[in-house]
Structures are given as structure tokens and as C-alpha cells.
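S.K.: Under my numbering, the first residue of the sequence shown is numbered 200, with each subsequent residue one higher.
Built from N, CA and C at the ideal position, the CB exists for glycine as well.
Just so it is clear, the structure is predicted and the values come from calculations on it, not from any experiment.
Below is a structure I'd like to ask you about.
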Amino acid sequence: MPSGVPVATVGIDNAKNAAYLTLRILKLKGGEFKLLKKGKVKDIYDLGGGKLLFEFTNRVSAFDVPLPDEIPFKGEVLCRFSEFWFKTLNVPNHMIDVIKPNKMIVKKLALIPIECIVRGYLYGSLYERVSSGQINLSTKVLAEKLPEPYFDPTTKFEEKDRPITKDEIINKGWLNENEYEWIKNKTIEIYEFMAKKADEAGFILADLKLEFGRNEKGEIILADSIGPDEFRLWVKDKYKPGEIQESFDKEPVRRWLIEVGYKKLLDEARKTGKPIPKPPNLPSSLIEEVANRYITAFEKITGEKFR
200 MPSGVPVATV GIDNAKNAAY LTLRILKLKG GEFKLLKKGK VKDIYDLGGG
250 KLLFEFTNRV SAFDVPLPDE IPFKGEVLCR FSEFWFKTLN VPNHMIDVIK
300 PNKMIVKKLA LIPIECIVRG YLYGSLYERV SSGQINLSTK VLAEKLPEPY
350 FDPTTKFEEK DRPITKDEII NKGWLNENEY EWIKNKTIEI YEFMAKKADE
400 AGFILADLKL EFGRNEKGEI ILADSIGPDE FRLWVKDKYK PGEIQESFDK
450 EPVRRWLIEV GYKKLLDEAR KTGKPIPKPP NLPSSLIEEV ANRYITAFEK
500 ITGEKFR
């Protein structure tokens with residue numbers, strides 16, 4: 200680890216404090232806590248005392264656009280998957296406690312406005328940029344494994360996330376050079392650990408998005424959530440380079456939106472500055488399929504029964 204990078208070594212409050220917070224959660228229905236943000240997939244409340252409540256919902260988004268439908272059980276899967284990874288990874292993180300089925304108490308952080316993406320395979324927007332000549336990689340085939348994990352950070356808090364360079368991140372003052380290198384290396388390290396766990400469960404972890412923040416001491420710790428909304432998960436036995444892969448994440452939703460032409464309309468609107476077009480309703484069969492895939496991925500990777 201580069202010298203001079205503050206990294207937290209102490210994470211979770213004691214059980215007594217967590218239990219007290221759990222009791223306070225029951226008052227949520229009375230509107231005691233302030234809603235800080237209604238996000239695309241989760242709502243965030245301020246509990247006071249430097250703590251937040253994440254409420255994972257069944258909402259779904261694609262291409263940075265909220266969709267009109269919900270995926271049953273999605274919020275619970277995301278919450279429980281995040282709990283599993285935060286407990287399994289040997290990395291300081293913001294999780295304090297979980298209130299089943301879909302709420303998590305976390306430490307309030309100053310988020311670093313970067314989505315730390317690492318890609319193990321040529322897919323999604325990385326494939327599009329390689330195909331269009333925006334970047335040059337030795338790998339050119341769709342879904343082919345990259346020679347080594349590729350760190351591909353993007354912006355956060357913009358209408359549409361965009362790739363961002365190391366120099367831009369440093370020049371904006373979000374990270375210094377040592378911090379950037381630490382986050383890059385830590386993101387890749389986490390990806391490789393999670394990819395091994397996925398492989399043992401019969402999956403390929405194609406890519407992963409992580410977020411980090413600073414606590415009150417300025418220490419950098421892992422933040423946000425880690426689930427099928429933050430990674431692509433392919434079926435190992437059905438993997439074929441050069442083809443669209445069978446995914447146990449929200450990729451089927453993205454593929455359907457491409458097939459019906461919505462992605463093309465969205466890209467044209469963004470390019471010309473027109474209003475974002477209203478997304479279509481998802482077919483009920485697709486909703487059911489995605490819900491089942493989220494649950495299956497959770498059970499196979501964690502070894503836990505969902506119900």
C-alpha cells in the first residue's frame with residue numbers, strides 16, 4: 200500500500216449501539232428521519248449521530264434512467280448481498296448493522312465522487328469504446344477475457360456517468376496520486392477476490408463497480424453497496440467469447456431495452472440535448488426472470504437460502 204494513504208482499521212459500532220439504532224428504525228413510519236436522497240434504487244435517510252439508513256427498494260434503472268417497473272425481492276437481495284460482501288471482504292467499510300429484510304445502517308461518509316469500475320472482460324461500454332476506436336486494447340472480441348483487470352473509473356453525480364482519467368481526478372482534488380493508486384489497486388484486489396468466489400459458485404464476474412468515501416478522520420473506506428446492480432455475473436458453463444452472455448444481474452433488462460430500440464432513442468436524445476424519452480414498461484416474463492436470477496445468484500454465491 201502506498202505510504203501516506205489513510206485507511207480505516209476500525210469499523211462497526213458495538214452491539215448495544217446497533218440494537219438501539221434498530222429500535223429507532225421502527226419509528227421510520229412516523230417520518231422522524233430526514234430523507235436525504237431518493238435514488239434510482241435505494242432511499243437514504245439521516246439517522247443523526249453520523250449514521251445513515253439505506254433502504255434498498257425493488258426499483259430498477261438502466262443506462263442511468265429509472266424504469267417504471269419494479270423487480271420483486273430485488274431490494275432484499277441487494278441488501279443481503281451487500282451484507283455478505285462487507286462481512287466477507289477484509290476491507291474496512293461503512294456497514295454498521297442490517298435491519299432485515301432490506302435496510303442497512305451505515306456510517307456517514309464524504310463520498311469520493313468516482314465510480315471505481317474494474318473490468319475483467321471486454322463488454323458493455325468498454326467494448327463500445329474499443330470498437331469505435333476511442334481506446335486501444337489488445338483484446339477486440341466481445342466478452343473476451345482481458346489480459347489483466349482493467350481499471351476504468353467514471354464520474355458520479357453527473358446526469359450520465361462518463362469515463363474519467365487519473366489526471367482529471369487528481370486535478371479536481373478528489374484524490375492525490377497515492378490515494379488514487381491505493382483505490383485502483385484495492386478495487387482490483389477486491390474484484391479478484393470476488394471473482395474467485397463467483398467462480399467457485401459456477402459464475403464469471405465480468406466486471407465490478409465500487410465506491411469509497413472518507414470518514415471523519417479522512418480515512419478511506421469502502422462504501423455504497425455490492426450486489427447484482429454493481430456487477431455483471433455470467434454463467435461459467437455457457438460462456439462463449441464473441442457472443443452476448445447469459446447474465447444473472449440486470450443485463451437482461453439492458454438487452455431488452457436495446458432490442459426494443461429504447462437505447463438508441465436515449466443516445467440520440469442525450470447527443471442532441473433533448474429530454475430523456477420515457478422508458479417502456481418491462482414484460483412481466485422479464486421481470487419474473489430477473490427476480491429469479493437475482494435470488495439464484497445470491498443463494499449460489501453466499502451459500503444461504505433466500506427463503
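Mind checking Q333: buried by the 16 CB within 10 Å criterion, or exposed?
M.R.: As a working mapping, residue 333 is identified with position 134 in the sequence shown. When all chains shown are included, Q333 counts as exposed.
S.K.: State the DSSP-derived secondary structure class of N289, mapped to helix, strand or coil.
M.R.: Counting from 1 along the sequence shown, the entry for residue 289 is found at position 90. N289: coil per DSSP, three-state reduction.
S.K.: Please go through the same chain and pick out, in chain order, the residues whose beta-carbon is closer than 6 Å to the beta-carbon of E503, but skip the five residues on each side of it.
M.R.: Within the sequence shown, residue 503 is the residue found at index 304, counting from 1. Nothing meets the Cβ criterion.
S.K.: Measure the CB-CB distance between I425 and S281 and report whether it falls below 8 Å.
M.R.: Sequence index remark: in the sequence shown, residue 425 carries index 226 (1-based). Sequence index remark: in the sequence shown, residue 281 carries index 82 (1-based). It is a contact, given that the beta carbons lie within the stated cut-off.
S.K.: Mind checking V489: buried by the 16 CB within 10 Å criterion, or exposed?
M.R.: In the sequence shown, residue 489 corresponds to position 290, counting from 1. Label assigned to V489: buried.
S.K.: Rounded to the nearest angstrom, what separates F160 and L464 at their Cα positions?
M.R.: Residue coverage of the chain in this structure runs from 200 to 506, which leaves residue 160 outside it and unanswerable.
S.K.: Output needed for K239: all residues of its chain with C-beta closer than 7 Å, excluding positions within five of it in sequence on either side, in chain order.
M.R.: The residue given as residue 239 occupies position 40 in the sequence shown. For K239, where only same-chain residues beyond five positions count, the Cβ hits under 7 Å are R258, S260, P265.
S.K.: Could you tell me if K449 is buried or exposed, where buried requires 16 or more neighbouring beta carbons within 10 angstroms of its beta carbon?
M.R.: Within the sequence shown, the letter at position 250 stands for residue 449. Classification for K449: buried.
S.K.: Helix, strand or coil: which one does DSSP assign to I500?
M.R.: Numbered from its first residue, the sequence shown carries residue 500 at position 301. Correct three-state label for I500: helix.
S.K.: Whole angstroms is fine: what's the gap from I295's alpha carbon to I494's?
M.R.: The sequence position of residue 295 within the sequence shown is 96, counting from 1. The sequence position of residue 494 within the sequence shown is 295, counting from 1. C-alpha separation (whole angstroms): 24 Å.
S.K.: To the nearest angstrom, how far is it from the Cα of I387 to the Cα of K339?
M.R.: Here residue 387 is taken as the residue at index 188 of the sequence shown, counted from 1. Here residue 339 is taken as the residue at index 140 of the sequence shown, counted from 1. If I take the Cα positions, the gap works out to 21 Å.
S.K.: Identify the continuous alpha helix (DSSP H) that holds I382 and give its terminal residues.
M.R.: In the sequence shown, the residue the question calls residue 382 occupies position 183. Counting along the chain, the alpha helix (DSSP H) containing I382 begins and ends at 376-399.
S.K.: Please check the pair T354 and P312, which I expect to be a contact at CB under 8 Å, by giving their CB distance rounded to whole angstroms.
M.R.: Position 155 of the sequence shown, counting from 1, holds the residue named residue 354. Position 113 of the sequence shown, counting from 1, holds the residue named residue 312. Confirmed, Cβ separation roughly 7 Å.
S.K.: Leaving out five residues before and five after N292 in sequence, what residues of the same chain have Cβ atoms less than 6 Å from its Cβ?
M.R.: Reading the sequence shown from its first residue, position 93 is the one you call residue 292. F285, I420, L421.
S.K.: Buried or exposed: where does R318 fall if 16 or more other Cβ atoms within 10 Å of its Cβ makes it buried?
M.R.: Residue mapping note: residue 318 aligns to position 119 of the sequence shown, counting from 1. Counting Cβ neighbours within 10 Å, R318 comes out buried, since at least 16 surround it.
S.K.: Report yes if the C-beta distance between E275 and P300 is below 8 Å; otherwise report no.
M.R.: As a position in the sequence shown, residue 275 is number 76, starting the count at 1. As a position in the sequence shown, residue 300 is number 101, starting the count at 1. Contact: yes.
S.K.: Please report the straight-line C-alpha distance between E467 and E376, rounded to a whole angstrom.
M.R.: As a first step, residue 467 must be located in the sequence shown, where it is residue number 268. As a first step, residue 376 must be located in the sequence shown, where it is residue number 177. Those two C-alpha atoms are separated by around 37 Å.
S.K.: On the CB-based measure, 16 or more other CB atoms within 10 Å of its CB, does R361 come out buried or exposed?
M.R.: Counting from one through the sequence shown, the residue named residue 361 turns up at place 162. Exposed: under 16 other Cβ atoms inside 10 Å.
S.K.: Can you say whether I443 is buried or exposed, counting buried as having 16 or more other CB atoms within 10 angstroms of its CB?
M.R.: Translated into positions along the sequence shown, residue 443 becomes position 244. Counting Cβ neighbours within 10 Å, I443 comes out exposed, since fewer than 16 surround it.
S.K.: Assign F232 to one of three DSSP states: helix, strand, or coil.
M.R.: Here residue 232 refers to the residue found at position 33 of the sequence shown. F232 falls in the coil class under three-state DSSP.
S.K.: Closest to V305 by CA distance: which of G412, F430, I486 is it?
M.R.: What you label residue 305 is simply residue 106 of the sequence shown in a count that begins at 1. The option with the nearest alpha carbon to V305 is G412.
S.K.: I'd like the span of the beta strand (DSSP E) that includes W433, first residue to last.
M.R.: Within the sequence shown, residue 433 is the residue found at index 234, counting from 1. Residues 430-434.
S.K.: Hey, how far is the Cα of I389 from the Cα of K473?
M.R.: Reading the sequence shown from its first residue, position 190 is the one you call residue 389. Reading the sequence shown from its first residue, position 274 is the one you call residue 473. Straight-line Cα distance between these residues: approximately 39 Å.
S.K.: By the three-class DSSP mapping on this structure, what secondary structure does K196 have?
M.R.: The structure shown does not extend to residue 196, since the chain is modelled only from 200 through 506, so no value can be given for it.
S.K.: Tell me whether V240 sits in a helix, a strand or coil according to DSSP, three-state version.
M.R.: Position 41 of the sequence shown holds residue 240. The answer is coil: DSSP assigns V240 none of H, G, I, E or B.
S.K.: Taking just the CA atoms, how far does L432 sit from D406?
M.R.: Here residue 406 refers to the residue found at position 207 of the sequence shown. Here residue 432 refers to the residue found at position 233 of the sequence shown. The straight-line gap from Cα to Cα measures roughly 8 Å.
S.K.: Is D398 near K359, with beta carbons less than 8 Å apart?
M.R.: As a working note, residue 398 is residue 199 in the sequence shown. As a working note, residue 359 is residue 160 in the sequence shown. No, the Cβ-Cβ distance between D398 and K359 is not below 8 Å.
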